[in-house]
Amino acid sequence: KCVRTLDIEEVGKTTRHGTFFQMNGNFSFGDYFKKEAIAYAWEFLTSSQNQGGLGFDPQDLWVTVYKDDEESIGIWREVADIPLARIQKRGMADNFWSTGQPGPSGPCSEIYFDRGPAYGREGGPEEDEDRYIEIWNLVFMQYERGPGGGKEDYPILGELPKKNIDTGMGLERVAFLMQGVENLYEIDEVRPVLDLAANLAGKTYGASVEDDVRLRVVADHVRSALMLIGDGVTPANDGRGYVLRRLLRRVVRSMRLLGVEAPTFTELFTASKNAMVESYPELQGEFDRIIRTAVAEEESFLRTLTSGSVALDDALQATKQVGASQLSAETAFLLHDTYGFPIDLTLEIAEEQGLGLDRDAFKALMQEQKDRAKADAREKKLGGTDLSVYSEFRALGETKFTGYDELESDAKVLGLISNGSSIRTAKQGDIIEVLLDQTSMYAESGGQDSDAGFIHGDGFSLEVLDVQKPVKGLVSHKALVRSGEIAVGSKAVTAVDHEWRLGACQAHSATHVVHAALRQVLGPTALQSGSYNKPGYMRLDFSWQQALSNSTKAEIEEVSNLAIRGDLAVSAQFMSLPDAREWGAVALFGETYDESVRVVQIGGPWSRELCGGTHVSRSSQIGLVSIIGEASVGSGSRRLEAFVGIEAIRALNAERALVARISEGLKLPKEQLEERIFANVEELKVAQKRLASMQSANLAELVPAAIANGINVNGTLVVELQIGEVSDSNDLRTLAFNARERVSSENALIIVSATLAEKPLIGVATTEASRNAGIKAGSLVRLAAAILGGGGGGKDDFAQGGGTDISKIGEALDAIKAAI
-8 KCVRTLDIEE VGKTTRHGTF FQMNGNFSFG DYFKKEAIAY AWEFLTSSQN QGGLGFDPQD
52 LWVTVYKDDE ESIGIWREVA DIPLARIQKR GMADNFWSTG QPGPSGPCSE IYFDRGPAYG
112 REGGPEEDED RYIEIWNLVF MQYERGPGGG KEDYPILGEL PKKNIDTGMG LERVAFLMQG
172 VENLYEIDEV RPVLDLAANL AGKTYGASVE DDVRLRVVAD HVRSALMLIG DGVTPANDGR
232 GYVLRRLLRR VVRSMRLLGV EAPTFTELFT ASKNAMVESY PELQGEFDRI IRTAVAEEES
292 FLRTLTSGSV ALDDALQATK QVGASQLSAE TAFLLHDTYG FPIDLTLEIA EEQGLGLDRD
352 AFKALMQEQK DRAKADAREK KLGGTDLSVY SEFRALGETK FTGYDELESD AKVLGLISNG
412 SSIRTAKQGD IIEVLLDQTS MYAESGGQDS DAGFIHGDGF SLEVLDVQKP VKGLVSHKAL
472 VRSGEIAVGS KAVTAVDHEW RLGACQAHSA THVVHAALRQ VLGPTALQSG SYNKPGYMRL
532 DFSWQQALSN STKAEIEEVS NLAIRGDLAV SAQFMSLPDA REWGAVALFG ETYDESVRVV
592 QIGGPWSREL CGGTHVSRSS QIGLVSIIGE ASVGSGSRRL EAFVGIEAIR ALNAERALVA
652 RISEGLKLPK EQLEERIFAN VEELKVAQKR LASMQSANLA ELVPAAIANG INVNGTLVVE
712 LQIGEVSDSN DLRTLAFNAR ERVSSENALI IVSATLAEKP LIGVATTEAS RNAGIKAGSL
772 VRLAAAILGG GGGGKDDFAQ GGGTDISKIG EALDAIKAAI
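With my numbering, letter number 358 in the sequence shown gets 349, and the count goes up by one each step, no holes.
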């Protein structure tokens, strides 16, 4: 199963571009080579279906070969008796394959099907690749290529000692040719979605070129998204998650362009699942999760479109009015940063209206934002230190970490930094950074907080406040000189606080245990996307679309604590990245890893993760995990928090004490508390509703007198209601609407003032006649709220605001009357 979005803009416009395809192939490693590969391909393509082949007419097939590969031409002539007129030579860009980097490479031979003169010009694939459709690529891996860019600019270093065959045949292209349909969007696995989309939009497929493109985009992208989500991908702002998000957003927008603004994913994804489930039965069991993920993203993006589309339309119109040919990068960045409007969608909409966009300038703005964020994060950790100060120390080599094996380590002081500058000595009371040749102290990374402890030597002692890696390979210890004087070149000892390290190990191992429990309870798609742990506490971010029920959280907690009670062995070992992946180690998608990685294993294959942190040696040493919360941290991402070890026990004791106090206060056994508390809450709600109703009735009684005492200000009847303290800001709206209804036929303005929690509130309502006279409630409220030291707003017919200065209510009311 493959997803490819390099040509996503071409989807729907041609017969052959799709984002999801199923790639068939046959492979040989040091066994058969060109002659057999060509013979096998020809036999499969041209043998009858009764014989297990596809039954293509040999007269409809063309081949291309690399321009210098005379051997392949000879084999094609010998094996398939293809005339030279249907064998075309092409250059490296088309018919020489490599991975794009140094390594195996070789010429390839592609097989094309001629759809006939109704579909394009004569002349073979070299002339028209819409009429002549590529269906199979045979790659002959026989050379080693060197470094270089592009598809042609690299040297061939020589022949491989073992020749290999790598072929690929796209199932969708073969299917649309064999099923006798016009393109791959009309095959049996795609057409049902296209037809449903057309029905939902009230369109007829084939009646409009533009609508047909949009319908094909919907059909193609829904199937791709179905398969991606089914395989565990969730929408995100980077990596493969962004590929999925982009596909889903293009479906939403295509349906809107077809005239459908209501949600459609439930129907579209169900149709796609029904079409694909025969080939992929696992989709049936995964469909509840798939549809939840898709619908959540649809709902989110519809909200984004509602807010961002107006801003984009305004920006496009303003660009056209000034005669510019490009939408400014600053505008595109604002749409992306403020409204969450995706840049690819901005580009598409701009191009539809004949406008371009300086993509490089946009990327530069995005990079500036990332750089600012990184700089802010560094400044918080390093106090604004210029990173160039570390260069001379990094040049001395990497800081060796000994903390996996020991808590104390002999070291040499390589450098001292104070306020961003290198210094030679530091005395008692100074807060500095200490750079050593080696350390037993763990620097914050991989979600694990830094170690606490001391650095001491002959005549000095420092308390370590933080340990960071300001640049790769270098560890900096932020420390307070408690006594004596430390100098560059001194011998020192790093001593980790034993209790702190134990707590850190417990928390980090607990994070791995909870991650494994999540995957056991929720399934393999519940993958970690981030974490943070320190003594007594852990949090884990993971990909999931919906809140966890209380019973699910309890099950995850139980699985975790059973693993802890099971006294599982915890081990760590270094291995190559490919070996780690083959071993089943879980890695964070999008992270960059060295070729040699450390794998931490808990309980054998139950938990295997790439990890550089510190851990307990047996799971029982974690003690206990107590989940304290779970919440959303973004679309498709959840965060689970837990106390660990002694902190978990303390938290449980605190809950027990709380229950005991409530039980004592209510004079009830704890078994009856739940029923009594819920009953009290319901009684309170009823009482509050009665009170609110009585208050509204009392306030309504003030309206007739207020109208009778109304004053004429420049031809407008001004009705003032000052009602004192209220319990709900909605009381202002209710009262203002009540008064306005009584004077609806007049040119009138209603002003209601009150206090809520000792802060002033003002509400303003207008009648149709006063609005026609130019009086706008929103403008008047903003004026008054500014005087009150706050803010507010609303529409022309009603607005509400407030502030902090009660003493200015009279001044604010006078300002409203003066304004009209």
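Ideal placement from N, C-alpha and C gives every residue a C-beta, glycine not left out. On a predicted model such as this, the values are computed, not experimentally measured, just so you know.
Three-state class that DSSP yields for residue i in the structure shown
{"i": "M83", "result": "helix"}
{"i": "V172", "result": "coil"}
{"i": "L303", "result": "helix"}
{"i": "A775", "result": "helix"}
{"i": "H606", "result": "coil"}
{"i": "F887", "result": "Since the first residue shown for the chain is -8 and the last is 811, residue 887 is missing from the structure and cannot be characterised."}
{"i": "S38", "result": "coil"}
{"i": "R350", "result": "helix"}
{"i": "I892", "result": "The displayed coordinates of the chain run from -8 to 811. Any statement about residue 892 would go beyond what the structure contains."}
{"i": "A32", "result": "helix"}
{"i": "R164", "result": "helix"}
{"i": "T297", "result": "helix"}
{"i": "I797", "result": "helix"}
{"i": "P49", "result": "helix"}
{"i": "D144", "result": "strand"}
Bridge partner(s) assigned by DSSP for residue i
{"i": "Q133", "result": "In DSSP, Q133 forms no bridge with anything."}
{"i": "G448", "result": "F451"}
{"i": "G437", "result": "According to DSSP, which records beta bridges pairwise, G437 is partnered with nothing at all."}
{"i": "N703", "result": "L708"}
{"i": "C(-7)", "result": "F12"}
{"i": "P751", "result": "T746"}
{"i": "H468", "result": "V425, V458"}
{"i": "A633", "result": "M529, I618"}
{"i": "W127", "result": "I102"}
Nearest neighbour of residue i, chosen from the options [CA to CA]
{"i": "S520", "options": "V734, A320, L631", "result": "L631"}
{"i": "Q419", "options": "E389, A470, V466, F392", "result": "A470"}
{"i": "G783", "options": "W574, L307, L325, A803", "result": "A803"}
{"i": "R724", "options": "G701, I668, Q791", "result": "Q791"}
{"i": "H499", "options": "E737, V425, Q511, T605", "result": "T605"}
{"i": "G44", "options": "L36, L206, Q50", "result": "L36"}
{"i": "R231", "options": "V(-6), R112, F789, I414", "result": "V(-6)"}
{"i": "I613", "options": "G656, V561, L206, D585", "result": "V561"}
{"i": "L693", "options": "S744, D351, S598", "result": "S744"}
{"i": "V590", "options": "T583, L346, D570", "result": "D570"}
{"i": "E1", "options": "E150, E180, A30, V204", "result": "V204"}
{"i": "R294", "options": "D51, Q317, T(-4), P254", "result": "P254"}
{"i": "L771", "options": "E716, V709, E749, L747", "result": "V709"}
{"i": "S607", "options": "V425, A563, S628", "result": "In the sequence under discussion, the amino acid at residue 607 is Val, which differs from the Ser named in the question. Of the candidates V425, A563, S628, the one whose C-alpha sits nearest the C-alpha of V607 is A563."}
{"i": "L465", "options": "V425, D440, A501", "result": "V425"}
{"i": "T390", "options": "L348, Y433, N410", "result": "Y433"}
{"i": "T90", "options": "D48, V54, P138, Y196", "result": "P138"}
{"i": "E383", "options": "L664, V462, Q79, D202", "result": "V462"}
{"i": "E732", "options": "D722, I698, Q713, D401", "result": "I698"}
{"i": "G627", "options": "A538, D558, W597, W491", "result": "A538"}
{"i": "Y233", "options": "L191, S245, L219, T393", "result": "L219"}
{"i": "S736", "options": "T746, T757, D719", "result": "T757"}
{"i": "L615", "options": "G193, A651, R556, G603", "result": "R556"}
{"i": "Y110", "options": "N174, P95, I547", "result": "N174"}
Host alpha helix (DSSP H) of residue i (start-end)
{"i": "E549", "result": "541 to 556"}
{"i": "L816", "result": "The first residue shown for the chain is -8 and the last is 811, placing residue 816 beyond what the model contains."}
{"i": "S654", "result": "637 to 657"}
{"i": "A71", "result": "61 to 71"}
{"i": "R733", "result": "721 to 733"}
{"i": "P183", "result": "182 to 192"}
{"i": "A495", "result": "489 to 513"}
{"i": "D666", "result": "Note on residue identity: the sequence assigns Glu, not Asp, to residue 666. It spans 664 to 691 - the alpha helix (DSSP H) in which E666 sits, taken as one unbroken run."}
{"i": "R77", "result": "Looking at the DSSP string, R77 is not in any alpha helix (DSSP H), and its letter there is neither H nor E."}
N- and C-terminal bounds of the beta strand (DSSP E) containing residue i
{"i": "S562", "result": "561 to 567"}
{"i": "W53", "result": "52 to 57"}
{"i": "V588", "result": "587 to 593"}
{"i": "G785", "result": "782 to 785"}
{"i": "R214", "result": "No beta strand (DSSP E) contains R214, which is instead part of the alpha helix (DSSP H) from 200 to 221."}
Scan the stretch 84 to 115 and note each continuous beta strand (DSSP E) run of 3 residues or more that stays entirely inside, going in chain order.
87 to 89, 94 to 105
In chain order, which beta strand (DSSP E) runs of at least 3 residues are fully inside the stretch 369 to 433?
399 to 409, 412 to 414, 416 to 418, 422 to 427
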